[in-house]
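Residue numbers (my numbering): 4 to 579.
Worksheet: the structure to be examined is printed underneath.
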RNA sequence: GGGCGUGUGGCUUAGUCCGGAUAGAGCACCGGGUUCCUAACCCGGCGGCCGGGGGUUCGAAUCCCCCCACGCCCGCCA
């Protein structure tokens, strides 16, 4: 299929119209696989487009793997020769196996930083959108042949982390009453650390607004953290909360190659060097109170935020300054650097760009910006405003429902297997539900949608995979691999399915280029849909002459769908 | 006020970067389908002046301009 564009371009030159190749477009419709609109060239020739189409169709030389070009109205249509498409597609899937859909590479090493939520407590669904996008992007980039490193930037020196240490370093009797009130009457030892240790956080945040003396204590801890003398319990505490949070993410398949602790850049002196470089920068200014700043008005930032403070009068630094140090380190290791950020960080991204420019750094991270997840009452999901749905709660509910669905279908499965399948279904439902929406679109969270196992959902993909597995399981007595005869794969559902299978590598390439991971989610649904149509209309095990060839189609679909699930971070299921 | 983003059937959305044929899908609703490989499925139907207006073009959901609505950001927080 790829060769088609080249073949046409080569011939296009010999045709009277030069810009032919530029008009090529995937139509994917009933008219053909590739369509060439001829309105423009016809106009420049002063001829009716339909005439030109007819003439070109007749004159177009045969191309290997293509049916003869046809003229429909003003369009010149090309269709892949189904026999050959089946042949090359199935063969490629069987040869490449788990790598089908992957590109040959190599591609330059890339760093994907995502999630990086402050270690202050459990994840709500809004925060998890970052990880779902980032983790999926990392998987797709790896499939292009790039060595990928995913990073979680742990802010262990900021005010948020200081708040956690502040409250937990006090003996319980000394806790302010309004904070203590949020603790449950009895400690549940089974509770994970992020939930237990993060529980007081919203109350602390509230309390500090009205209690300056407490805010002062937190400030003191903050300074201690920045100066590299953290309270004894600090690191272990943050580590515990963080590990609880990571366990939560692991439930939906999100994982990290590296945890990057922000404190590291302070202790190595890298932040200090950044401050020095910024002090010597072209637009460096010093505020009356001794704070160091950069005037970024020449970078087109909104004028109200044109002055970016990089160090306070007391010498302590701010998030943006430390982020510069972090990015310099990333640039030293990776030719390509991607940051996944919520839209509330958009201004920060532009500020970071400006600061990098100020110190003469020419490289920039690529930002993948996504919009909020909102709640039905309005506004975005937020722990502090008490408008949050926690990932664990959502997954727990999804598991409960999945279990009921499984039990309604299978009475004989051992409980452990039911539980394992339910976990997998729950994870895919939640992950897919977030993944399917374009990142620049706000997601309005609704329980009934997030818990859907039907239609455009993760479980639908898994169900399709399970159906394919089931057929192959039943056929196994006769053992694969299945030889196929392209001449026996001629029904419309078969052809449509095979065409879809052939598209996966192109989708991977496009997603890697655009970072639009939701497009892969869309492809997965189309593939599963195509397979289900095939499944409903085309007998496989009971077929006679076509049996082996159809089994090959099922095996190829199972493979390609499995690879796609893997790229999406969803687990395949042999039965469900 | 300034900046960024979004607006597509009742609801959720794809397509917008790179303009082309009848704007794809899911949910809901209506009507069908299981002696046959898992009905978490399939088939059919209903439902769209693509926020509004202007412009460019043979052709606009897509490009340009203006307006409206909604969300977020505009800290010596992160």
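Where a beta carbon is used, it is the ideal one built from N, C-alpha and C, also for glycine.
Please give the ranges of any beta strand (DSSP E) in the stretch 59 to 100, keeping only runs that are unbroken, at least 3 residues long and fully inside the region. Here the runs fully enclosed are 73 to 75, 78 to 81.
Would residue 564 be called buried (16 or more neighbouring beta carbons within 10 Å of its own) or exposed? Buried is the call here.
With distance defined between alpha-carbon atoms, name the residue in 365, 461, 327 nearest to residue 354. For residue 354, the nearest C-alpha among the options comes from 327.
Taking the straight line between their C-alpha atoms, what separation do you get for residue 567 and residue 104? Counting only the Cα atoms, residue 104 lies some 8 Å from residue 567.
Could you tell me which of 95, 418, 344 sits nearest to residue 406, measuring between CA atoms? Of the candidates 95, 418, 344, the residue whose Cα lies closest to the Cα of residue 406 is 418.
Does residue 369 come out as helix, strand or coil in the three-state DSSP assignment? Residue state, collapsed to three classes: strand.
Span of the alpha helix (DSSP H), counted from its first residue to its last, around residue 464: Counting along the chain, residue 464 sits inside the alpha helix (DSSP H) bounded by residues 461 to 478.
Confirm, please, whether the CB-CB distance from residue 126 to residue 393 is below 8 Å. Yes, Cβ-Cβ distance for residue 393 and residue 126 is below 8 Å.
Cut-off 7 Å between Cβ atoms - residues of its own chain near residue 246, not counting five sequence neighbours on either side: Taking C-beta separations shorter than 7 Å and ignoring five residues to either side along the sequence, the partners of residue 246 in its chain run 196, following chain order.
Burial state of residue 122, where buried means 16 or more other Cβ atoms lie within 10 Å: With 16 or more other CB atoms across the displayed protein chains lying within 10 angstroms of its CB, residue 122 is buried.
Alpha carbon to alpha carbon, what distance is there between residue 548 and residue 555? Straight across, the Cα-Cα distance linking residue 555 with residue 548 is about 13 Å.
The stretch 146 to 163 touching the stretch 255 to 268, judged by at least three CB pairs closer than 8 Å: Three or more beta-carbon pairs separated by less than 8 Å link the stretch 146 to 163 to the stretch 255 to 268, which places the two stretches in contact.
Could you tell me the distance, in whole angstroms, from the CA atom of residue 47 to the CA atom of residue 55? Their backbone Cα atoms lie some 12 Å apart in a straight line.
Residue environment, residue 288, which counts as buried when at least 16 other CB atoms sit within 10 Å: In this structure residue 288 is exposed. Its beta-carbon is surrounded by fewer than 16 other beta-carbon atoms within 10 angstroms.
Which value, in whole angstroms, describes the spacing of the CA atoms of residue 128 and residue 138? Distance between the alpha carbons of residue 128 and residue 138: 15 Å.
Ignore the nearest five residues each way along the sequence and tell me which others in residue 89's own chain have a CB closer than 7 Å to its CB. Counting only Cβ-Cβ distances below 7 Å, and skipping sequence neighbours, we find 489, 492, 501.
Inspect the beta-carbon positions of residue 97 and residue 559 and report whether they are closer than 8 Å. Yes, these two residues count as a Cβ contact at 8 Å.
Local conformation of residue 186 per DSSP, three classes: Three-state result, residue 186: coil.
Going by other Cβ atoms of all chains shown within 10 Å of its Cβ, with 16 needed for buried, is residue 225 buried or exposed? With 16 or more other Cβ atoms within 10 Å, it is buried.
Out of 578, 574, 579, 569, which has the shortest C-alpha to C-alpha gap to residue 144? Taking only the C-alpha atoms, the option nearest residue 144 is 569.
Within its chain, find whatever has a CB closer than 6 Å to the CB of residue 428; leave out the 5 residues flanking it on each side and keep chain order. Shown here for residue 428: same chain residues with a beta carbon closer than 6 Å to its own, the five before and five after excluded, namely 405, 462 in chain order.
Please classify residue 25 as buried or exposed, where buried requires at least 16 other C-beta atoms within 10 Å of its C-beta. With a pLDDT of 43 at residue 25, under the threshold of 50, the predicted position of this residue should be treated as unreliable, and no value is reported.
According to DSSP, simplified to helix, strand and coil, what is residue 400? The answer is helix: DSSP assigns residue 400 an H, G or I state.
For residue 390 and residue 400, which I take to be in contact (beta-carbon distance under 8 Å), what is that distance rounded to the nearest angstrom? With 8 Å as the limit, residue 390 and residue 400 do not qualify as a contact, their Cβ atoms being about 18 Å apart.
List the whole-angstrom C-beta distance separating residue 376 from residue 446, where the pair is believed to meet the contact cut-off of C-beta under 8 Å. With 8 Å as the limit, residue 376 and residue 446 qualify as a contact, their Cβ atoms being about 5 Å apart.
Assign residue 528 to buried or exposed, taking buried as 16 or more other Cβ atoms, counted over all protein chains shown, within 10 Å of its Cβ. It counts as buried.
Report the rounded CA-to-CA distance for residue 315 versus residue 434, giving the unit in angstroms. Spanning the two alpha carbons is a distance of roughly 41 Å.
Residue 415 versus 578, 91, 367, residue with shortest Cα-Cα distance: Answer by Cα proximity: 578.
Which value, in whole angstroms, describes the spacing of the CA atoms of residue 440 and residue 294? So the alpha carbons of these two residues sit roughly 43 Å apart.
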